[in-house]
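Numbering (UniProt numbering), first residue to last: 1 to 377.
Backbone N, C-alpha and C define an ideal beta-carbon position, used for all residues, glycine too.
These numbers come from a predicted model, not from an experiment.
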Amino acid sequence: MSDTPSAVRHYGFAGAGLSCAVIARELAEAGHRCTLFEARPHVAGNCHTERDADSGVMVHIYGPHIFHTDDDEVWALVNRYMRFMPYVNRVKAVTGGRVFSLPINLLTINQFFGQTLNPTQARAFIEAQADTSITDPQTFEEQALRFIGRPLYEAFFRQYTLKQWEVDPKDLPASILKRLPVRFNYDDNYFAHKHQGMPEEGYTAMVERMLDHPNITVHLGQRLETSQVGQYDHVFWSGPLDAYFGHREGRLPYRTLDFERFDAEGDVQGCAVLNYCDDSVPFTRITEHKHFAPWETHARSVCYREFSRRCGEDDIPYYPVHLTQGDDVLKRYQALAAAEAGVTFVGRLGTYRYMDMDVTIRAALDAVRAFRAARGA
Ligand code: UDP
Numbered sequence: 001m002s003d004t005p006s007a008v009r010h011y012g013f014a015g016a017g018l019s020c021a022v023i024a025r026e027l028a029e030a031g032h033r034c035t036l037f038e039a040r041p042h043v044a045g046n047c048h049t050e051r052d053a054d055s056g057v058m059v060h061i062y063g064p065h066i067f068h069t070d071d072d073e074v075w076a077l078v079n080r081y082m083r084f085m086p087y088v089n090r091v092k093a094v095t096g097g098r099v100f101s102l103p104i105n106l107l108t109i110n111q112f113f114g115q116t117l118n119p120t121q122a123r124a125f126i127e128a129q130a131d132t133s134i135t136d137p138q139t140f141e142e143q144a145l146r147f148i149g150r151p152l153y154e155a156f157f158r159q160y161t162l163k164q165w166e167v168d169p170k171d172l173p174a175s176i177l178k179r180l181p182v183r184f185n186y187d188d189n190y191f192a193h194k195h196q197g198m199p200e201e202g203y204t205a206m207v208e209r210m211l212d213h214p215n216i217t218v219h220l221g222q223r224l225e226t227s228q229v230g231q232y233d234h235v236f237w238s239g240p241l242d243a244y245f246g247h248r249e250g251r252l253p254y255r256t257l258d259f260e261r262f263d264a265e266g267d268v269q270g271c272a273v274l275n276y277c278d279d280s281v282p283f284t285r286i287t288e289h290k291h292f293a294p295w296e297t298h299a300r301s302v303c304y305r306e307f308s309r310r311c312g313e314d315d316i317p318y319y320p321v322h323l324t325q326g327d328d329v330l331k332r333y334q335a336l337a338a339a340e341a342g343v344t345f346v347g348r349l350g351t352y353r354y355m356d357m358d359v360t361i362r363a364a365l366d367a368v369r370a371f372r373a374a375r376g377a
């Protein structure tokens, strides 16, 4: 049932990924008109999924996306549009020609060091390797040396991170490594959140359902130009923050990804994600997509080798590159964005944040609620 708004307003959206879909749905249910412009031929942004015609496998076209959250409201929201199937991400990692379990857990530690330690012994063993002179780690490298010590850092993180970011881990913030837990038990769940799962029919179907509302219109293959912003009562912009301002303060750096697809019969690697942590190969990981849907059976398999590189002007931006020093350009864009009264910047690209899907949805909910409260919309 719709609220009856005091005045029906017309909102424009640049993008039709998770952020804009969540915001448009909320505003549409409040009775407002929402028009979305999506440059790509599909909704759902980089979590877009497509069933491969040949194998029947649901492919994560822009790389692996696993939904995990501690946020009950966000979990309820996604489940309103799609059934989530049980899925636990159990990543494996190759380093020095051997396979280990990730995130670092008791099995990783015992296998890597050839030990049979119990949790208490393992904690003491790792602490003895840690650099305890680092009291307040700021960088990726300091975080690693403080909490896992040099041997595990060198084996699992240093070279993978150089491949992923092309930045020395000394210049990356500790927050990137803090994404990964370190465990002194045999729990090998990559994520430490209470909810985790995969949308039964893929993320794109989920976002299509969010956008399936009489007050919402989606234009695929079209951009909202900045010159059109004034035609709307307000605009929600999920495109790159620097692009909105014509890159006038310079370009914000992003990483883009290249996927080299290969198809095969049967089971190629036995798990969904296999990381390649050393520099014996140029790619960071191989994703075998059918393992993301363990409730389905497919004879053939679709795999992606994933390569990371600096994002050029015509590439799809994936990861914002935050360094420990020098986010001055970003600060200038943030000041410009704050002064732009008719536009709210949202999402990973619009706010230049390395956000997981659940954090993206939470931020979108908070943004639309703050907007409605401030404007009485
Ligand atoms: N990382 C690493 N080795 C690994 C996995 C991750 O060094 O085997 C580092 C790398 O710097 C990466 C970061 O940890 O960018 C965060 O990893 P996550 O798996 O969260 O990355 P995502 O799946 O978002 O690319």
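The alpha helix (DSSP H) runs of length 4 or more contained entirely in the region 65–135 are, from start to end of the chain, 72–81, 106–113 and 119–129. Its Cα nearest to that of residue 206, the residue 84 stands out among 61, 333, 54 and 84.
If you look at residue 334, you'll find it in the alpha helix (DSSP H) that goes 328–338.
DSSP places residue 295 outside both helix and strand once states are collapsed to three, so it counts as coil.
Segment contact: the region 320–327 against the region 165–184, three or more CB-CB distances shorter than 8 Å; contact assigned. Each residue's CA atom was taken as its position, placing residue 54 and residue 300 some 9 Å apart.
Placement of the Cβ of residue 165 at a distance of less than 7 Å from at least one heavy atom of the ligand UDP is found. In the displayed model, residue 201 falls within coil according to three-state DSSP, outside both helix and strand. Rounded to the nearest angstrom, the Cβ distance from residue 355 to residue 65 is 12 Å, too far for a contact under 8 Å. Of the heavy atoms belonging to the ligand UDP, none sits nearer than 7 Å to the Cβ of residue 286. With respect to the C-alpha of residue 282, the residue from 269, 258, 294 and 87 having the closest C-alpha is 258. The continuous alpha helix (DSSP H) containing residue 242 extends over residues 241–244. Residue pairing by DSSP places residue 58 opposite 51 in a beta bridge. By the neighbour-count criterion, in which a residue is buried when 16 or more other Cβ atoms sit within 10 angstroms of its Cβ, residue 45 is buried. Of the candidates 142, 76, 169 and 195, the residue whose Cα lies closest to the Cα of residue 88 is 195.
In this structure, DSSP gives residue 269 a state outside helix and strand, which the three-state scheme calls coil. Relative to the ligand UDP, residue 148 has its C-beta separated by 7 Å or more from all heavy atoms. Looking at the DSSP output, residue 345 sits in a beta bridge with 237. Partner residues in the beta bridge of residue 34, as assigned by DSSP, are 11 and 216. Annotation: residue 60 to residue 40 spans about 15 Å, alpha carbon to alpha carbon.
Secondary-structure assignment with DSSP links residue 286 through a beta bridge to 274 and 305. Here residue 19 is buried, its C-beta having at least 16 other C-beta atoms within 10 Å.
Judged by DSSP in its simplified three-state form, residue 324 adopts coil rather than helix or strand.
The Cβ atoms of residue 99 and residue 365 do not sit closer than 8 Å to each other.
Per DSSP, residue 20 is one residue of the alpha helix (DSSP H) stretching across 18–29. The C-alpha of residue 161 is placed about 8 Å away from the C-alpha of residue 167.
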